[in-house]
Amino acid sequence: MAEALLSVRGIHTYYGDSYVLQGLSLEQRAGTIVAILGRNGMGKTTLIRSVAGLTPPREGEIHFKGASLRGRPPYAIAQSGIALVPQGRRIFRSLSVRENLLLPTSGLARPGKGRWNLRAVLDEFPQLEERIAHMGGSLSGGEQQMLAVGRALMSNPDLILMDEPSEGLAPKLVKHVGEIMKSMRDHGHAVLLVEQNFALAMSVADYIYVVSAGRFVFEGTPQQLEREPEILDQHLGVARAH
Ligand SMILES: Nc1ncnc2c1ncn2[C@@H]1O[C@H](COP(=O)(O)OP(=O)(O)OP(=O)(O)O)[C@@H](O)[C@H]1O
Ligand SMILES: [Mg+2]
Numbered sequence: 139m140a141e142a143l144l145s146v147r148g149i150h151t152y153y154g155d156s157y158v159l160q161g162l163s164l165e166q167r168a169g170t171i172v173a174i175l176g177r178n179g180m181g182k183t184t185l186i187r188s189v190a191g192l193t194p195p196r197e198g199e200i201h202f203k204g205a206s207l208r209g210r211p212p213y214a215i216a217q218s219g220i221a222l223v224p225q226g227r228r229i230f231r232s233l234s235v236r237e238n239l240l241l242p243t244s245g246l247a248r249p250g251k252g253r254w255n256l257r258a259v260l261d262e263f264p265q266l267e268e269r270i271a272h273m274g275g276s277l278s279g280g281e282q283q284m285l286a287v288g289r290a291l292m293s294n295p296d297l298i299l300m301d302e303p304s305e306g307l308a309p310k311l312v313k314h315v316g317e318i319m320k321s322m323r324d325h326g327h328a329v330l331l332v333e334q335n336f337a338l339a340m341s342v343a344d345y346i347y348v349v350s351a352g353r354f355v356f357e358g359t360p361q362q363l364e365r366e367p368e369i370l371d372q373h374l375g376v377a378r379a380h
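Heads up: the sequence shown is residues 139 to 380, going by the numbering used here.
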């Protein structure tokens with residue numbers, strides 16, 4: 139098997155005395171979508187934050203493209219090719235769409251490292267072009283999500299961390315977010331997706347991990363997860379199909 143793009147080995151992550159991630163390991167290959175599913179408060183965002191260097195694990199190792207991320211600050215991790223689309227989107231409300239998109243290119247840029255630039259992002263999301271001069275805060279939820287994804291793409295990342303991109307979006311837009319992720323994969327980016335939307339994760343992911351109280355209780359393909367009624371029922375609140 140090809141070497142993993144991202145390899146998380148036995149990480150333990152805390153907020154102060156609060157022990158959240160209790161020994162998580164995962165592997166992700168380039169150009170794949172891996173989804174992390176689990177109920178509220180189980181540690182999904184903490185995993186994303188651990189990888190991005192925002193809440194580094196106290197024990198365990200994270201390797202990206204074969205190099206350890208230990209001790210590296212978030213900006214250095216971003217520069218190495220990891221982009222974050224945070225939960226709640228976190229775009230700059232009082233900057234224009236154009237300014238939001240161009241921000242990652244000031245300092246964090248990896249110019250010439252890939253296909254994404256302002257033109258390519260606007261071609262991917264024509265709705266953003268229509269609103270190019272509007273303030274981020276005036277966009278609809280769906281448009282803000284496109285902006286957050288577009289902003290992540292501007293740094294031409296190898297891996298995009300997406301924390302609940304479907305949260306608060308209407309069903310039609312959830313479908314669009316799914317299409318965006320598949321398109322990212324088709325362009326060779328890996329996506330590590332955190333979701334509570336079970337149907338969305340099942341429809342896009344190549345591989346799924348289910349987290350409960352800081353530990354993985356399942357890993358496998360969507361097809362394998364479908365055959366685990368107890369996991370679905372206990373950890374995901376999904377009713378059995380039959
Ligand atoms: N900054 C923090 N300080 C202390 N505890 C925190 C902090 N952030 C999260 N926690 C706690 O860590 C645990 C895991 O939180 P986390 O945000 O990773 O969950 P989550 O799976 O992303 O939940 P959600 O689906 O609600 O986004 C929870 O018990 C939460 O209360
Ligand atoms: Mg979260």
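Glycine included, every Cβ here is placed at the ideal spot set by N, Cα and C.
Exposed unless 16 or more other CB atoms sit within 10 angstroms - verdict on residue i
i           : result
residue 380 : Summary for residue 380: the model assigns pLDDT 47, below 50, so the residue's position carries little reliability, and this model does not support an answer.
residue 346 : buried
residue 181 : buried
residue 283 : buried
residue 191 : buried
residue 151 : buried
residue 301 : buried
residue 352 : buried
residue 215 : buried
residue 274 : buried
residue 139 : Only weak support exists for where residue 139 lies, its pLDDT of 49 falling under 50; the value from the coordinates is given anyway. Per the 10 Å Cβ criterion, exposed.
residue 196 : exposed
residue 90  : Nothing in the structure corresponds to residue 90, since the chain is present only between 139 and 380.
residue 279 : exposed
residue 303 : buried
residue 262 : buried
residue 316 : buried
Residue i: CB within 7 angstroms of a non-hydrogen atom of ligand 1
i           : result
residue 333 : no
residue 234 : no
residue 213 : no
residue 225 : yes
residue 157 : no
residue 255 : no
residue 153 : yes
residue 179 : yes
residue 375 : no
residue 176 : yes
Ligand 2 heavy atom lying under 7 angstroms from the CB of residue i
i           : result
residue 359 : no
residue 283 : no
residue 182 : yes
residue 302 : yes
Restricting to runs no shorter than 3 residues, where is the beta strand (DSSP E) found entirely within the region 206 to 243? For the region 206 to 243, the continuous beta strand (DSSP E) assignments of 3+ residues that do not extend past its boundaries occur at 220 to 223, in sequence order.
At 4 residues or longer, what runs of the alpha helix (DSSP H) sit wholly inside the region 247 to 274? The region 247 to 274 contains these whole alpha helix (DSSP H) runs: 256 to 262, 264 to 268.
Ranges of the beta strand (DSSP E) found wholly within the region 329 to 370, counting only runs of at least 3: If we require 3 residues or more, the beta strand (DSSP E) runs fully inside the region 329 to 370 come out as 345 to 350, 353 to 358.
Using 8 angstroms as the Cβ pair cut-off and three pairs as the minimum, do the region 214 to 230 and the region 185 to 204 touch? Three or more pairs of CB atoms, one per stretch, sit closer than 8 angstroms, so the region 214 to 230 contacts the region 185 to 204.
Contact the region 168 to 179 vs the region 230 to 242: 3+ CB pairs below 8 angstroms: The region 168 to 179, when compared against the region 230 to 242, does not touch it at the 8 angstroms Cβ threshold.
The region 253 to 260 in contact with the region 278 to 293 per 3-pair CB rule at 8 angstroms: With a cut-off of 8 angstroms, the region 278 to 293 and the region 253 to 260 count as touching, because enough Cβ pairs lie within range.
For the region 196 to 204 against the region 362 to 375, are there 3 or more C-beta pairs whose distance is under 8 angstroms? Touching, no, given that fewer than three Cβ pairs across the two stretches are closer than 8 angstroms.
Cβ contact (3+ pairs, closer than 8 angstroms) linking the region 326 to 335 and the region 152 to 162: Result no; under three Cβ-Cβ pairs closer than 8 angstroms.
So within the region 267 to 330, which uninterrupted beta strand (DSSP E) runs reach at least 3 residues, ignoring any that extend past its ends? Listed in chain order, the beta strand (DSSP E) elements of length 3 or more contained wholly in the region 267 to 330 are 297 to 301.
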